[in-house]
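Asks: Please find one structure pasted underneath; my questions will follow.
4 protein chains.
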Amino acid sequence: MKNVTPVRVIYADTDAMGIVYHTNYIRWFEIGRTELLREAGFIYADWGGKGYHLPVIEVYCHYRQAARYDQVLLIETSVGHVNRATVKFNYTIWSEDRKKEMVEGYTIHACINAQGKVVRLPWEMIDIIKRALD
Amino acid sequence: MKNVTPVRVIYADTDAMGIVYHTNYIRWFEIGRTELLREAGFIYADWGGKGYHLPVIEVYCHYRQAARYDQVLLIETSVGHVNRATVKFNYTIWSEDRKKEMVEGYTIHACINAQGKVVRLPWEMIDIIKRALD
Amino acid sequence: MKNVTPVRVIYADTDAMGIVYHTNYIRWFEIGRTELLREAGFIYADWGGKGYHLPVIEVYCHYRQAARYDQVLLIETSVGHVNRATVKFNYTIWSEDRKKEMVEGYTIHACINAQGKVVRLPWEMIDIIKRALD
Amino acid sequence: MKNVTPVRVIYADTDAMGIVYHTNYIRWFEIGRTELLREAGFIYADWGGKGYHLPVIEVYCHYRQAARYDQVLLIETSVGHVNRATVKFNYTIWSEDRKKEMVEGYTIHACINAQGKVVRLPWEMIDIIKRALD
Numbered sequence: 012m013k014n015v016t017p018v019r020v021i022y023a024d025t026d027a028m029g030i031v032y033h034t035n036y037i038r039w040f041e042i043g044r045t046e047l048l049r050e051a052g053f054i055y056a057d058w059g060g061k062g063y064h065l066p067v068i069e070v071y072c073h074y075r076q077a078a079r080y081d082q083v084l085l086i087e088t089s090v091g092h093v094n095r096a097t098v099k100f101n102y103t104i105w106s107e108d109r110k111k112e113m114v115e116g117y118t119i120h121a122c123i124n125a126q127g128k129v130v131r132l133p134w135e136m137i138d139i140i141k142r143a144l145d
Numbered sequence: 012m013k014n015v016t017p018v019r020v021i022y023a024d025t026d027a028m029g030i031v032y033h034t035n036y037i038r039w040f041e042i043g044r045t046e047l048l049r050e051a052g053f054i055y056a057d058w059g060g061k062g063y064h065l066p067v068i069e070v071y072c073h074y075r076q077a078a079r080y081d082q083v084l085l086i087e088t089s090v091g092h093v094n095r096a097t098v099k100f101n102y103t104i105w106s107e108d109r110k111k112e113m114v115e116g117y118t119i120h121a122c123i124n125a126q127g128k129v130v131r132l133p134w135e136m137i138d139i140i141k142r143a144l145d
Numbered sequence: 012m013k014n015v016t017p018v019r020v021i022y023a024d025t026d027a028m029g030i031v032y033h034t035n036y037i038r039w040f041e042i043g044r045t046e047l048l049r050e051a052g053f054i055y056a057d058w059g060g061k062g063y064h065l066p067v068i069e070v071y072c073h074y075r076q077a078a079r080y081d082q083v084l085l086i087e088t089s090v091g092h093v094n095r096a097t098v099k100f101n102y103t104i105w106s107e108d109r110k111k112e113m114v115e116g117y118t119i120h121a122c123i124n125a126q127g128k129v130v131r132l133p134w135e136m137i138d139i140i141k142r143a144l145d
Numbered sequence: 012m013k014n015v016t017p018v019r020v021i022y023a024d025t026d027a028m029g030i031v032y033h034t035n036y037i038r039w040f041e042i043g044r045t046e047l048l049r050e051a052g053f054i055y056a057d058w059g060g061k062g063y064h065l066p067v068i069e070v071y072c073h074y075r076q077a078a079r080y081d082q083v084l085l086i087e088t089s090v091g092h093v094n095r096a097t098v099k100f101n102y103t104i105w106s107e108d109r110k111k112e113m114v115e116g117y118t119i120h121a122c123i124n125a126q127g128k129v130v131r132l133p134w135e136m137i138d139i140i141k142r143a144l145d
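Chains as they are written, first to last, in my numbering: chain A, 12 to 145; chain B, 12 to 145; chain C, 12 to 145; chain D, 12 to 145.
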């Protein structure tokens, strides 16, 4: 299962080099994984309401091509792995025609509870995320 | 009382026009008012700890000159007014040599309590902020 | 003519008060006016290619209700005025059901040419923008 | 040679989890490497004026501890390597008392010229950056 969500580059996303500032792709990764999880039936906001969060503990990003103002980009997201300790998401950001791979990367997330303590991912959460692995 | 705090423009602050993206000056206003209040003995973080916040309810900004990458800017902040309903801060952002007025603006803030309800500003808060009016 | 464009709040847009950080609505204003102009046949990126830009010279924003994580918001944008010196856009940001007015504001823009000089808005530009006034 | 530059967390840097949003540390990496280079006599803005830029081609970040509103953090930056193809910077972000390592990571940069083409790093650039290796 792969989620593909489009975003359009605005001025706020660019920098004085004329290209998208590098951290903004990583911000878009958040959109990608939220929409992938939503598609799998996992509403991140609901889990947050119960006190569970999945903060990013590692991020890696490789920038291949620079995106520019007003370009439409496609954020493609898939689950890399999910286990009791961590969940990993893989991302590729494409040009709108899918001919250029702009950026690829991953994020790894742990689970914390309402007290901010690192805990094992609840089985229910793992089961839902696993749907996105199929 | 006026607080003057310097910031240096980084690429993240700029856009593809080669200048600072307009919302970033308003982000710097936050630095200005926090430091002004700190100077007056008001630690915003401590009030937040007690559940009181001063969310922005109005902002106005006039952009006179465009700032560029690596420029040092001076954020000058003063209290416009403070009463039981609102507190207003005025800002001028200068070039480092103070010869150019880049931006001027204001923010108006209400007070909310731990339940997120709009409340009157506590007298103790007003008294401390008033110190910054002298 | 009014353009309505949806955005969904992500964590990146929020702050430790649990609500959308105030400058992010103003960033969304950019999406609103770009899409309104696109609808009217004005591709901002094309004018930028010719060296013309419409930098923000004034912004005002009134925050009425706080938006939260994962909320869908509607950015409603219309042209306030357009003349040879400036163009003004008005914005209202609504909750998805349009029952709550979260934020309203405006931006005023001047025109600069490829040399960064303030110039009169080209008649062709004014004519296209005027379509959005109907 | 290591550069240590302080930053103070503002509301704009935080998210609704109550902690610094993960991309902001990577934005602070930019401050760290710019100040390290400045200390070594390399003014990034001057090279940009000549048309040379060092865009980020890879970033990695490991988040160990969450920073919070109003905390002062220390960005420690050093050069990992520099050769004709790339330059690498290593970063550790510390709590103000240096007792907690909040984040560590690296960025790798290629060199592009005024035409946006990837080129070898000019020898003069390499020589200056090498000063920061001592």
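Positions of the beta carbon are idealized from the N, C-alpha and C atoms, including for glycine.
Determine the DSSP secondary structure at residue 54 of chain B, reduced to helix, strand or coil.
Replies: coil
Asks: Can you name, in chain order, every residue of its own chain whose Cβ lies under 6 angstroms from the Cβ of residue 17 of chain A, other than the five neighbours on each side?
Replies: 83 and 85
Asks: Taking only beta carbons into account, state which residues of the segment 82 to 104 of chain D come closer than 7 angstroms to chain C, listed in chain order.
Replies: none
Asks: Between residue 95 of chain C and residue 144 of chain C, how many whole angstroms is the CB-CB distance? I'm expecting something under 8 angstroms.
Replies: Not a contact, Cβ separation roughly 15 angstroms.
Asks: Run the CB neighbour count on residue 127 of chain A, radius 10 Å, all protein chains shown included, and call it buried at 16 or more, exposed below.
Replies: exposed
Asks: Could you say if the segment 22 to 33 of chain D and the segment 20 to 33 of chain C meet the contact criterion of at least three C-beta pairs nearer than 8 angstroms?
Replies: yes
Asks: May I have a chain-ordered list of the beta strand (DSSP E) segments no shorter than 3 residues that lie completely inside the segment 75 to 141 of chain C?
Replies: 83 to 93, 98 to 106 and 112 to 120
Asks: Who pairs with residue 14 of chain B in a beta bridge, going by DSSP?
Replies: B:88
Asks: Within the 8 angstroms Cβ cut-off, does residue 25 of chain A reach chain C?
Replies: no
Asks: Give the residues of chain C in contact with residue 38 of chain B, contact being defined as C-beta atoms less than 8 angstroms apart.
Replies: Going along chain C in sequence order, the residues near residue 38 of chain B (Cβ under 8 angstroms) are 34.
Asks: For residue 68 of chain D, which residues in the same chain have their Cβ closer than 6 angstroms to its Cβ, ignoring the five residues on either side in sequence?
Replies: 119 and 121
Asks: Please confirm whether residue 29 of chain B has its beta-carbon closer than 8 angstroms to some beta-carbon of chain A.
Replies: yes
Asks: Ignore the nearest five residues each way along the sequence and tell me which others in residue 80 of chain C's own chain have a CB closer than 7 angstroms to its CB.
Replies: 20, 22 and 25
Asks: Just to make sure I have the definition right: I need the residues of chain B whose C-beta is within less than 8 angstroms of the C-beta of residue 147 of chain A. Which are they?
Replies: In this structure chain A extends from 12 to 145, so residue 147 of chain A is not present and cannot be described.
Asks: From residue 93 of chain C to residue 138 of chain A, what distance separates their C-alpha atoms?
Replies: 55 angstroms
Asks: With H, G and I counted as helix, E and B as strand and the rest as coil, what does DSSP make of residue 37 of chain B?
Replies: helix
Asks: Is there a Cβ of chain A sitting closer than 8 angstroms to that of residue 121 of chain C, yes or no?
Replies: no
Asks: When the Cα atoms are used, what is the spatial distance from residue 12 of chain C to residue 110 of chain A?
Replies: 36 angstroms
Asks: Measure from the C-beta of residue 117 of chain C to each C-beta in chain B and report whether the shortest distance is under 8 angstroms.
Replies: no
Asks: Per DSSP, residue 70 of chain D is paired with what?
Replies: A:72 and D:118
Asks: Measuring alpha carbon to alpha carbon, tell me which residue in B:130, B:14 and B:91 is nearest residue 51 of chain B.
Replies: B:14
Asks: Ignore the nearest five residues each way along the sequence and tell me which others in residue 102 of chain A's own chain have a CB closer than 6 angstroms to its CB.
Replies: 40, 43, 88 and 116
Asks: With C-beta atoms as the reference, is residue 73 of chain B less than 8 angstroms away from residue 114 of chain B?
Replies: yes
Asks: In or out: residue 134 of chain C buried (at least 16 other Cβ within 10 Å) or exposed?
Replies: exposed
Asks: Looking at residue 34 of chain D and residue 75 of chain A, is the spacing between their C-beta atoms short of 8 angstroms?
Replies: no
Asks: Under 8 angstroms between C-beta atoms, does residue 63 of chain A make it to chain B?
Replies: no
Asks: Give the straight-line distance between the Cα atoms of residue 99 of chain D and residue 90 of chain D, rounded to the nearest whole angstrom.
Replies: 6 angstroms
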